[in-house]
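Down below is the structure, laid out as structure tokens.
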Amino acid sequence: MDGLLVWLGDVPPFLMYLVLGVGAALENIVPPIPADTFVLLGGFLSARGSAAVGVVFFVTWTANVLSALA
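Structure (structure tokens):
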């Protein structure tokens, strides 16, 4: 688990936000995958200083809503 967190903290921000957005969107396509997990992961990365909290909120919320409308 530590390796995943280190990897996510070290990847370019675009890729990190892409992973969070795709993970949040998958909830509406594959119900057993909870979007809350990706939101919490984004919050954790924000608390560590690896991600911006506003961008995490916008990306995960937008991805979840758009995938629900599709």
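Heads up: the sequence shown begins at 2 in my numbering, then just goes up one per residue. C-beta: ideal position from N, C-alpha, C; glycine also.
Looking at Met17 and Leu1, is the spacing between their C-beta atoms short of 8 Å?
-> Given a span of 2 to 71 for the chain in the structure shown, any question on residue 1 remains unanswerable.
Taking Cβ to Cβ, would you say Thr61 is nearer than 8 Å to Leu21?
-> Yes, these two residues count as a Cβ contact at 8 Å.
Do Val57 and Ser47 have their C-beta atoms within less than 8 Å of each other?
-> Yes, Cβ-Cβ distance for Val57 and Ser47 is below 8 Å.
By how many angstroms is the C-alpha of Gly43 removed from the C-alpha of Asp37?
-> Spanning the alpha carbons of Asp37 and Gly43 requires a straight line of approximately 10 Å.
Exposure label - Gly24; buried when at least 16 CB within 10 Å = Using a 10 angstroms sphere on the CB of Gly24, the tally of other CB atoms reaches 16 or more, which defines it as buried.
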